[in-house]
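**Student:** Chains as they are written, first to last, in numbering that gives the first Met the number 0: chain A, 0 to 229; chain B, 0 to 229.
Protein chains: 2
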Amino acid sequence: MTANSHHNIRQVLRERIESGEWALGALIPGELALAVEYRCARTTINRALQTLADEGLVVRKRKGGTRVCQMPVRHAKFEIPIVREQVEVIGSKYRHQIMSQQKKTPTASVRTRLRIPDAKKALFMETIHLADERPYAYEERWVNIQAVPKIMDAPLDQISVNEWLVKTVPFSSGDVVFSAVNADKRVAGALESKVGNAIFLVDRTTWLGEEFITTIKLYYRDGYQLYSQL
Amino acid sequence: MTANSHHNIRQVLRERIESGEWALGALIPGELALAVEYRCARTTINRALQTLADEGLVVRKRKGGTRVCQMPVRHAKFEIPIVREQVEVIGSKYRHQIMSQQKKTPTASVRTRLRIPDAKKALFMETIHLADERPYAYEERWVNIQAVPKIMDAPLDQISVNEWLVKTVPFSSGDVVFSAVNADKRVAGALESKVGNAIFLVDRTTWLGEEFITTIKLYYRDGYQLYSQL
DNA sequence: TAGTGGTCTAGACCACTCA
DNA sequence: GAGTGGTCTAGACCACTAT
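What follows is the structure, given as structure tokens:
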């Protein structure tokens with residue numbers, strides 16, 4: 000095993016930083032100096048330092064050199080959860096059930112969000128995600144039919160909207176908003192919870208290029224927690 | 000400008016994937032083939048593909064080749080928020096106020112979490128974070144005094160615990176849990192909210208190596224949202 | 001066992017930016 | 001203008017794993 004893998008060097012450098020050898024905001028040696036010290040190519044040092052920069056541990060500037068970050072806040076990465084996988088990870092059997100499905104005129108806020116002209120309709124769906132036949136999450140979804148007209152012909156009773164969309168429009172980008180809301184009658188009913196209970200809400204909108212595809216609100220059952228490593 | 004930067008190639012490859020040229024789960028050409036096609040070094044292709052793998056767009060296996068991901072879920076990265084910065088970003092004036100500060104025996108769950116022996120005490124603090132003099136978040140924090148004994152001498156009225164800890168134990172790792180809870184009397188009072196209101200709760204624990212440093216619960220004011228790009 | 005990605009090297013040139 | 005990081009290349013060898 001190579002002692003000079005960029006992995007090893009990255010780890011050693013990380014330790015030198017964490018040990019306080021280089022203070023917060025201090026300049027650390029240049030790539031060339033480190034390459035000599037560790038007897039490896041500059042490229043290898045470069046890889047290691049770039050990774051540390053990605054992690055937010057150091058800041059690099061041409062001519063300015065590499066500095067230890069002032070506020071070393073680790074970036075948390077986490078994957079936007081897919082409900083089915085979440086359920087299966089906790090060892091439960093997953094099933095989903097469509098409660099309602101209709102074309103109708105979206106509310107003003109949804110129209111704005113999906114950039115749908117005023118007169119047009121969109122597809123609205125309510126779905127319950129079940130874990131071992133108990134409600135796990137309640138989903139409200141709007142789909143922009145103009146962007147994905149084929150969805151009206153899709154066998155949505157057999158395949159979940161989400162999976163159909165992923166297969167049809169696989170590489171959309173989007174945003175997510177997490178918040179806490181009190182369950183209203185509708186949500187409480189769907190989740191077999193109580194009105195007023197605090198519910199973890201994930202609000203996601205996705206689009207492809209300039210076209211908005213779908214916006215979805217996911218209400219999770221009581222006690223749901225989203226976990227992430229730093 | 001080099002036409003064959005790994006940035007450009009990454010972008011081109013991404014477009015070829017997103018356009019559907021390579022289907023979900025399909026094998027894409029090997030690095031060597033792509034290097035020939037784009038007339039660049041294999042290393043360059045490798046960089047581009049590794050980035051795409053980081054993004055979760057492709058999966059790479061030795062001997063198995065590179066495949067387009069089956070479930071192309073973009074990984075969301077976001078930075079663990081520092082309350083002061085959050086407040087300043089929305090254009091408000093930040094101030095914090097320590098409500099209480101005492102050494103006492105932690106609850107069993109905190110003891111377990113911080114790995115504190117049963118008989119030992121820890122530092123408990125309550126802090127209010129204010130935005131324009133209105134409550135923004137309420138913080139409950141336990142600090143493991145054994146791990147950071149110097150904290151008892153720190154001028155915590157002048158510098159926030161958080162910033163003191165960052166400067167003293169800058170590079171700790173940790174985990175975060177997001178959830179929604181109903182405000183109890185204490186939290187509602189601190190946030191000038193109402194009992195029962197849904198509160199966004201961030202529960203963070205950090206440690207350095209094997210030693211646990213601090214665990215903190217942050218209750219955000221009503222309507223707080225955590226935003227993230229995909 | 002053979003094929004593919006993972007990585008290291010040595011050298012070169014470029015691009016940014018600080019003084 | 002000079003110093004530092006950013007990146008490309010060509011070649012080499014290694015490590016994993018599918019067949």
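Ideal placement from N, C-alpha and C gives every residue a C-beta, glycine not left out.
Predicted, not measured: the structure shown is a model, and the values here were computed from it.
Answer yes or no: do A/Ser192 and A/Asp156 have a C-beta to C-beta separation smaller than 7 Å?
**Tutor:** Position 193 of the first sequence holds residue 192 of chain A. Position 157 of the first sequence holds residue 156 of chain A. Contact: no.
**Student:** On a Cα-Cα basis, can you pick out the residue from B/Ala187, B/Pro169, B/Ile79 and B/Phe199 that is closest to A/Leu229?
**Tutor:** On the first sequence, residue 229 of chain A is found 230 positions in, with the first residue counted as 1. Checked all of B/Ala187, B/Pro169, B/Ile79 and B/Phe199; the closest Cα to A/Leu229 is B/Ile79.
**Student:** Given 8 Å as the limit, is there contact between the segment 207 to 222 of chain A and the segment 157 to 172 of chain A, that is, 3 or more CB pairs closer than that?
**Tutor:** Result yes; three or more Cβ-Cβ pairs closer than 8 Å.
**Student:** Would you mind giving the Cβ-Cβ distance between B/Met70 and A/Ile81, rounded to the nearest angstrom? I have them listed as a contact below 8 Å.
**Tutor:** For the purposes of this step, residue 70 of chain B is taken as the residue at position 71 of the second sequence. For the purposes of this step, residue 81 of chain A is taken as the residue at position 82 of the first sequence. Sure, about 7 Å apart at Cβ, within 8 Å.
**Student:** According to the neighbour-count rule (16 or more other Cβ atoms, all chains shown, within 10 Å of its Cβ), is B/His95 buried or exposed?
**Tutor:** Along the second sequence, one-based indexing puts residue 95 of chain B at 96. Burial call: buried.
**Student:** Are B/Ile127 and B/Pro134 close, meaning C-beta to C-beta below 7 Å?
**Tutor:** On the second sequence, residue 127 of chain B is found 128 positions in, with the first residue counted as 1. On the second sequence, residue 134 of chain B is found 135 positions in, with the first residue counted as 1. Their beta carbons are under 7 Å apart, which means B/Ile127 touches B/Pro134 by this criterion.
**Student:** Which of the three DSSP states is assigned to B/Arg94 in this structure?
**Tutor:** Within the second sequence, the letter at position 95 stands for residue 94 of chain B. Strand.
**Student:** Between A/Lys216 and chain B, is any beta-carbon pair separated by less than 7 Å?
**Tutor:** Here residue 216 of chain A refers to the residue found at position 217 of the first sequence. No, A/Lys216 does not count as interfacial toward chain B.
**Student:** Have a look at B/Glu14 and A/Ile115 and give me their C-alpha separation to the nearest angstrom.
**Tutor:** As a working mapping, residue 14 of chain B is identified with position 15 in the second sequence. As a working mapping, residue 115 of chain A is identified with position 116 in the first sequence. The alpha-carbon atoms of B/Glu14 and A/Ile115 are separated by roughly 26 Å.
**Student:** Could you tell me the alpha carbon to alpha carbon distance between B/Arg66 and B/Pro148, rounded to whole angstroms?
**Tutor:** By 1-based counting over the second sequence, the position of residue 66 of chain B is 67. By 1-based counting over the second sequence, the position of residue 148 of chain B is 149. When rounded, the distance between both Cα atoms is 52 Å.
**Student:** Apart from the five residues just before and just after A/Cys68, which ones in its own chain have a Cβ nearer than 7 Å to its Cβ?
**Tutor:** Working through the first sequence from its first residue, we reach residue 68 of chain A at position 69. Cβ within range, chain order: Gly55, Leu56, Val57 and Val58.
**Student:** Note the first and the last residue of the continuous alpha helix (DSSP H) segment covering B/Trp21.
**Tutor:** Indexing the second sequence from 1 puts residue 21 of chain B at position 22. No alpha helix (DSSP H) holds B/Trp21; DSSP gives it neither H nor E.
**Student:** Could you name the residues of the same chain whose beta carbon sits closer than 8 Å to that of A/Pro105, not counting the 5 residues immediately before and after it, in chain order?
**Tutor:** Within the first sequence, numbered from 1, the residue matching residue 105 of chain A stands at position 106. Around A/Pro105: Leu113, Ile115, Lys120, Ala121, Phe123 and Trp141.
**Student:** Residues of chain A with CB under 9 Å from B/Lys166, in chain order?
**Tutor:** Working through the second sequence from its first residue, we reach residue 166 of chain B at position 167. The contacting residues are Leu23.
**Student:** Going by DSSP, what residue range makes up the beta strand (DSSP E) through A/Leu207?
**Tutor:** Sequence index remark: in the first sequence, residue 207 of chain A carries index 208 (1-based). Looking at the DSSP string, the run of the beta strand (DSSP E) that includes A/Leu207 is Ala197 to Leu207.
**Student:** Does any residue of chain A bring its CB to less than 7 Å from the CB of B/Leu229?
**Tutor:** Taking the first residue of the second sequence as position 1, residue 229 of chain B is located at position 230. By this cut-off, B/Leu229 is an interface position.
**Student:** In whole angstroms, what is the alpha-carbon distance linking B/Trp206 and B/Pro169?
**Tutor:** Mapped onto the second sequence, residue 206 of chain B falls at position 207. Mapped onto the second sequence, residue 169 of chain B falls at position 170. Whole-angstrom Cα-Cα distance: 10 Å.
**Student:** Please confirm whether B/Arg9 and B/Thr50 have their CB atoms less than 7 Å apart.
**Tutor:** Translated into the one-based positions of the second sequence, residue 9 of chain B becomes position 10. Translated into the one-based positions of the second sequence, residue 50 of chain B becomes position 51. Closer than 7 Å, so yes.
**Student:** Going by alpha carbons, who is nearest to B/Ala146 out of B/Leu164, B/Ala130, B/Ala136 and B/Glu139?
**Tutor:** Walking along the second sequence from the start, residue 146 of chain B turns up at place 147. When only C-alpha atoms are compared, the closest one is B/Leu164.
**Student:** Per DSSP, B/Met70 forms a beta bridge with which residues?
**Tutor:** Position 71 of the second sequence, counted from the first residue, corresponds to residue 70 of chain B. DSSP lists no partner for B/Met70.
**Student:** So what's A/Ser171 in DSSP terms, helix, strand or just coil?
**Tutor:** Working through the first sequence from its first residue, we reach residue 171 of chain A at position 172. Three-state result, A/Ser171: coil.
**Student:** Rounding to the nearest angstrom, what Cα-Cα distance links A/Ser227 and A/Glu84 in this structure?
**Tutor:** Here the question's residue 227 of chain A lines up with position 228 in the first sequence. Here the question's residue 84 of chain A lines up with position 85 in the first sequence. For A/Ser227 and A/Glu84, the distance between alpha carbons rounds to 16 Å.
**Student:** Using a Cβ cut-off of 7 Å, pull out every chain A residue sitting near B/Leu169, in sequence order please.
**Tutor:** Taking the first residue of the second sequence as position 1, residue 169 of chain B is located at position 170. A small correction: the amino acid at residue 169 of chain B is Pro; Leu does not occupy that position in the sequence shown. Neighbours of B/Pro169 on chain A, chain order: Leu23 and Pro71.
**Student:** List, in order along the chain, the chain A residues whose C-beta lies closer than 8 Å to that of B/Gly195?
**Tutor:** Taking the second sequence and counting its residues from 1, one reaches residue 195 of chain B at position 196. Ordered by position in chain A, the residues that pass the 8 Å Cβ test against B/Gly195 are Asn181 and Gly195.
**Student:** In the DSSP assignment, what are the bridge partners of A/Ser99?
**Tutor:** The residue you call residue 99 of chain A lines up with position 100 of the first sequence. According to DSSP, A/Ser99 bridges with A/Glu125.
**Student:** From the DSSP output, in three-state form, read off A/Ile10 for me.
**Tutor:** Numbered from 1 along the first sequence, position 11 holds the residue referred to as residue 10 of chain A. Sequence inspection shows Gln at residue 10 of chain A; the Ile mentioned does not correspond to that position. If DSSP states are grouped into helix, strand and coil, A/Gln10 belongs with the helices.
**Student:** In angstroms, rounded to a whole number, what distance separates the CA positions of A/Met0 and A/Tyr37?
**Tutor:** Indexing the first sequence from 1 puts residue 0 of chain A at position 1. Indexing the first sequence from 1 puts residue 37 of chain A at position 38. Confidence at A/Met0 is low in this model, with a pLDDT of 42, below 50, so the placement of that residue is unreliable and no value is reported for it.
**Student:** Tell me, which residues are paired with A/Gln145 by DSSP?
**Tutor:** Numbered from its first residue, the first sequence carries residue 145 of chain A at position 146. Per DSSP, none; premise fails for A/Gln145.
**Student:** At a Cβ threshold of 7 Å, is B/Glu139 touching chain A?
**Tutor:** The residue you call residue 139 of chain B lines up with position 140 of the second sequence. By this cut-off, B/Glu139 is not an interface position.
**Student:** Whole angstroms are fine: how far does the CA of A/Pro28 sit from the CA of A/Ala34?
**Tutor:** For the purposes of this step, residue 34 of chain A is taken as residue 35 along the first sequence, with counting starting at 1. For the purposes of this step, residue 28 of chain A is taken as residue 29 along the first sequence, with counting starting at 1. Using only the alpha carbons, I get a separation of about 10 Å.
**Student:** Following the continuous beta strand (DSSP E) through B/Glu191, name the residue where it begins and the one where it ends.
**Tutor:** Taking the first residue of the second sequence as position 1, residue 191 of chain B is located at position 192. It is not in any beta strand (DSSP E) - B/Glu191 carries neither H nor E in the DSSP assignment.
**Student:** Residues of chain A with CB under 9 Å from B/Ile44, in chain order?
**Tutor:** As a first step, residue 44 of chain B is located in the second sequence; it is residue number 45 there, counting from the start. Correct list: empty, because the minimum Cβ distance to chain A is about 16 Å.
**Student:** In three-state terms, what does DSSP make of A/Tyr223?
**Tutor:** Along the first sequence, read from residue 1 onward, the residue named residue 223 of chain A stands at position 224. Coil.
**Student:** Going by Cα to Cα distance, which pick from A/Ala130, A/Asn196 and A/His5 is closest to A/Gly90?
**Tutor:** For the purposes of this step, residue 90 of chain A is taken as residue 91 along the first sequence, with counting starting at 1. The option with the nearest alpha carbon to A/Gly90 is A/Ala130.
**Student:** Check the Cβ of B/Ile89 against every Cβ in chain A and list those closer than 7 Å, keeping chain order.
**Tutor:** Residue mapping note: residue 89 of chain B aligns to position 90 of the second sequence, counting from 1. Neighbours of B/Ile89 on chain A: none; closest Cβ ~15 Å, over 7 Å.
**Student:** Roughly how many angstroms lie between the CA atoms of B/Met98 and B/Tyr137, to the nearest whole one?
**Tutor:** Here residue 98 of chain B is taken as the residue at index 99 of the second sequence, counted from 1. Here residue 137 of chain B is taken as the residue at index 138 of the second sequence, counted from 1. Each residue's Cα considered, the two are about 10 Å apart.
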